[in-house]
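Novice: Going by this note's numbering, 168 is the number at position 133 of the sequence shown; the sequence numbering is gapless.
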Amino acid sequence: MQYNRILLKLSGEALMGERQYGIDPKRLSEYAKEIKEVVEKGIEVAIVIGGGNIFRGVAGAANGMDRVQGDHMGMLATCINGLALQSALEDQGVHTRLQTALEIKEVAEPYIKRKAIRHLEKGRVVIFGAGTGNPYFTTDTAAVLRAIEVNADAILKGTRVDGIYDVDPEKNKNAIKFENITFKDVIKKGLKVMDMTAFTLSEENKLPIIVFDMNTNGNLMKLVSGEKIGTIVNT
Ligand code: GTP
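What follows is the structure in structure tokens.
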């Protein structure tokens, strides 16, 4: 296996599947199956999930809402998604723990780095909710932060595109995909992989980012087995 411990970043929007809002149970259970497969191979899996399918703080602010208020709503949205994913994984017989950066003790464990690592060592999938627990930070930043804290080998960013292209592949059919790219080249070429806070945190800590298409069945398994899937950003 290429990786022993991964941090999987899933977008909230991806959970919508074909819907316009909320959670598509079919998509959720597909994701759970994909994750189960890699857990059964002995890969330790930590997950950060976004909340954009329910609420985005930035969108709230654009409509005149206080940004901090909006971001707090977004953080709660990630907890809702975390609970849904936990439930879907448990339906598949996968052991999980949900830890949140904001305390909602009756619902989930508070985030404790050492406990998270023990859970991973015991083969439990650890889902991190509520982002970093701070407004103005994205769930990509939370994903990088948690990946560094739990010593993940890489951050796997599941998206609907199959990697990083020189131009937007959804707008330009001549777009060229990179198999490997350095952090420096991503910045030089002005490519958007993650927001700058998340991206520089990853670069400074030499944490590879792999952008891949999570919606194609079997991709996650192929990736952790060492197949060339998506684009790797490395030093
Ligand atoms: P080990 O110490 O490895 O056995 O881990 P564990 O998570 O099984 O032990 P623990 O006794 O901490 O937790 C037992 C159960 O309670 C697990 O399902 C945890 O997710 C849950 N749990 C632990 N702490 C909290 C908490 O603060 N809030 C909530 N809601 N659940 C918790």
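We put the CB at the ideal spot given by N, CA and C, even for glycine.
Is the beta carbon of residue 243 closer than 9 Å to that of residue 267?
Specialist: One-based indexing of the sequence shown puts residue 267 at position 232. One-based indexing of the sequence shown puts residue 243 at position 208. Result yes, Cβ atoms of residue 267 and residue 243 sit closer than 9 Å.
Novice: To the nearest whole angstrom, what separates the beta carbons of residue 272 and residue 164, a pair I think is in contact under 8 Å?
Specialist: It is not possible to answer for residue 272, since the shown part of the chain is limited to 36 through 270.
Novice: Mind reading off the beta-carbon distance from residue 134 to residue 161? Whole number of angstroms is fine, and I expect it under 8 Å.
Specialist: If you number the sequence shown from 1, residue 134 lands on position 99. If you number the sequence shown from 1, residue 161 lands on position 126. Confirmed, about 6 Å.
Novice: For residue 92, which option in 58, 47 and 60 has the closest C-alpha, if you only look at C-alpha atoms?
Specialist: Residue numbering aside, residue 92 sits at position 57 when the sequence shown is read from its first letter. Ranking the options by Cα distance to residue 92, first place goes to 47.
Novice: What number of angstroms, rounded off, separates the C-alpha of residue 300 from the C-alpha of residue 199?
Specialist: The chain is shown only over 36 to 270; residue 300 falls outside these bounds and no answer can be derived.
Novice: Against chain C, with Cβ distances strictly below 9 Å, would residue 143 count as a contact?
Specialist: Given the protein chain composition of this structure (a single chain), no chain C is represented.
Novice: With a CB to CB cut of under 6 Å and the five nearest residues on each side skipped, what residues in its chain are close to residue 31?
Specialist: Absent from the structure is residue 31, since the part of the chain shown begins at 36 and ends at 270.
Novice: Does DSSP classify residue 215 as helix, strand or coil?
Specialist: For the purposes of this step, residue 215 is identified with residue 180 of the sequence shown, where counting begins at 1. If DSSP states are grouped into helix, strand and coil, residue 215 belongs with the strands.
Novice: Which residues in the same chain as residue 52 place their Cβ atom closer than 7 Å to its Cβ, once the five residues preceding and following it in sequence are excluded?
Specialist: By 1-based counting over the sequence shown, the position of residue 52 is 17. So the list reads 59, 61 and 62, once near-sequence residues are dropped.
Novice: Relative to the C-alpha of residue 149, which candidate in 38, 77, 184 and 158 has its C-alpha closest?
Specialist: Residue 149 sits at position 114 when you count from the first residue of the sequence shown. The shortest Cα separation from residue 149 among 38, 77, 184 and 158 belongs to 184.
Novice: Which residues mark the beginning and the end of the beta strand (DSSP E) in which residue 193 is found?
Specialist: In the sequence shown, counting from the first residue as 1, residue 193 sits at position 158. According to the DSSP assignment, residue 193 belongs to the beta strand (DSSP E) that extends over 189-194.
Novice: Please check the pair residue 245 and residue 265, which I expect to be a contact at CB under 8 Å, by giving their CB distance rounded to whole angstroms.
Specialist: To locate residue 245, count along the sequence shown from 1; it is residue 210. To locate residue 265, count along the sequence shown from 1; it is residue 230. Rounded, the Cβ-Cβ distance is 5 Å, consistent with contact.
Novice: Mind checking whether residue 201 and residue 218 have CB atoms under 9 Å apart?
Specialist: Position 166 of the sequence shown holds residue 201. Position 183 of the sequence shown holds residue 218. At least 9 Å separates the beta-carbon of residue 201 from that of residue 218.
Novice: If distances are taken between C-alpha atoms only, which option among 239, 79, 132 and 226 comes closest to residue 43?
Specialist: Here residue 43 refers to the residue found at position 8 when the sequence shown is read from its first residue. From the listed residues 239, 79, 132 and 226, the smallest Cα separation to residue 43 is found for 79.
Novice: Measuring only from the beta carbon, is residue 79 closer than 8 Å to any heavy atom that is part of ligand 1?
Specialist: Sequence index remark: in the sequence shown, residue 79 carries index 44 (1-based). For ligand 1, not one heavy atom lies less than 8 Å from the Cβ of residue 79.
Novice: Under a three-way DSSP split, which group does residue 138 fall into?
Specialist: On the sequence shown, residue 138 is found 103 positions in, with the first residue counted as 1. DSSP places residue 138 in coil when its eight states are reduced to three.
Novice: Taking the continuous beta strand (DSSP E) assigned at residue 45, which residues delimit it?
Specialist: Mapped onto the sequence shown, residue 45 falls at position 10. Where residue 45 is concerned, the enclosing beta strand (DSSP E) stretches over 40-45.
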